[in-house]
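One gets the working numbering by counting positions in the sequence shown from 1 and adding 157 to each. All residues carry an ideal CB built from backbone N, CA and C; glycine is no exception. A short worksheet on the structure shown next.
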Amino acid sequence: MIFRRITPKILQALKFSPVVLLNGARQTGKTTLVKAIAKEKSFRYVTLDDLTTLHAAKSDPQGFIAAFDKPLIIDEVQRVPELLLAIKARVDQSRQPGQFLLTGSANALMLPKISESLVGRMVILTLFPLSYDEIRGQKNTIIDDLVEQKINSTQAKEISKNELFNFILLGGFPELQKLANEKQKKAWFQSYISTILQRDIQDLARINGIFELPRLFSYLGYQAGSLLNLSNLSRELGMPVSTLKRYVTLLEAIFLVHRLPAWFRNIGKRLIKTPKVFFNDSGLLSHLLGVNAENLESNPKISGQLFENFIFQELIKQISWSESQPQLYYFRTAAGKEVDFILETNNGQLIGIEIKLKETIQSKDFDGLRELMNLTNGQFKAGYVLSLSKEVVPFGNNLFTLPLSLFLQGFN
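This is the structure in structure tokens:
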């Protein structure tokens, strides 16, 4: 079994919180992980993917909770949100930590019925598809290293462009790591998308026109890494902006896409505030774009898009189990100066990361980072151009190249 880096955070949360919710997209390994915890910690385990259990929970949520001894694991709790009120009633009788470990394939923070039920009583954690270091059995602390400026010229095992592209195309869903050929992988992705868009979305919201969701989802694939302009989408797809807002929110709630907010402050310069859209798995995005190993390298636009999306995924995964827990943004001025990603620490310091899918880095590649540095004065801590370069090289005050190999494997 692959060790999941979020595990220590789950176990720690169970020591002080009555309820812990582990959410994340379907097929990211939540069930495997909580079953292992159930065995280790002697939790009872039930899943709402079992139809008999589902009907029992729906018919009498209070009685369902009362029928089980504590501690209890409930898998896919978003299928019966009414259970949260029953859990709240139980927890209000006793605030003993570690009573419930829940999993959900929908983002609880975007579902008011769930998130409001257990305010102050529940810790929410997210399990993403496998990260590079999880698959390789390594322990990377790159986020905390960047925040604490522990970056040095340590040599890491070089990652070839071919290895990188293969990893991007496969993605991080655990089941895919076992499949032998492209036909199997394609069939898996087709089934995955169909199940989520036809069943899980309906579980969350009874919506008309569900046949439009696959079209929107596919179209968003070509927008990955770009500004999410709903007015333009409305014109292209012939769908009202209000409908698009709801559909994108639903796609985000089930962890298929992610809106990355823009970093902006009142600094006397016009900054773009529109969010960008990213996908939560590069393999899924590659499938939507119809990309394979044969045509990826010959298409620099698509390969650059997938590379940026891949780095986004690694950042949010690494942030989820980091100690420093910075916020993630992007930065762009109205004049077009841009930094692909910004980490903002709890005390407001900024670390900029610019992405370049090339080996040779030039001074002009730091232009966006210099703009951010000049506009933010003392907030700017450091800026990095993450690329296929082989070593850390300074390009001025607090500006460095950051090799992909070190970003993915760490400085340990």
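In the structure shown, arginine 236 adopts helical secondary structure according to DSSP, grouped into three states. Between glutamate 291 and arginine 162, the gap from beta carbon to beta carbon is short of 7 Å.
Per the Cβ contact rule, the stretch 478-488 is in contact with the stretch 498-507 (3 or more Cβ pairs under 8 Å).
Between the beta-carbon of proline 560 and that of valine 542 there is about 10 Å, and that puts the pair past the 8 Å contact cut. Across the structure, methionine 279 and valine 177 are spaced so that their CA atoms are roughly 5 Å apart. Glu332 is the residue among Glu332, Ser199 and Ala337 whose C-alpha sits nearest the C-alpha of serine 348. When the five nearest sequence neighbours on each side are left out, the beta carbons in the same chain lying within less than 8 Å of the beta carbon of aspartate 357 are those of Arg183, Ser262, Ala263 and Ile411, in order along the chain.
Counted as a single uninterrupted DSSP element, the beta strand (DSSP E) harbouring asparagine 180 occupies residues 176-180.
Residue pairing by DSSP places arginine 201 opposite Leu229 in a beta bridge. DSSP places alanine 539 within a strand segment (E or B) once states are collapsed to three. Nearest in C-alpha terms to arginine 489, of all of Ser383, Ser479, Phe557 and Asp226, is Ser383. For glutamate 320, the uninterrupted alpha helix (DSSP H) segment begins and ends at 318-327.
Its Cα nearest to that of glutamate 511, the residue Gly540 stands out among Gly540, Ser251 and Phe374. Of the residues Leu463, Leu428 and Ser199, the one whose Cα lies closest to the Cα of serine 443 is Leu463. As DSSP reads the structure, arginine 416 sits in a beta bridge with Val434.
Bounds of the beta strand (DSSP E) holding arginine 489 are 484-489. Within the same chain, and ignoring the five residues on either side of glutamine 306 in sequence, the residues whose Cβ sits closer than 8 Å to its Cβ are Lys538 and Ala539.
Comparing alpha carbon positions, the residue from Thr431, Leu413, Thr189 and Leu408 closest to alanine 419 is Thr431.
Between the beta-carbon of glycine 328 and that of leucine 441 there is about 6 Å, and that keeps the pair under the 8 Å contact cut.
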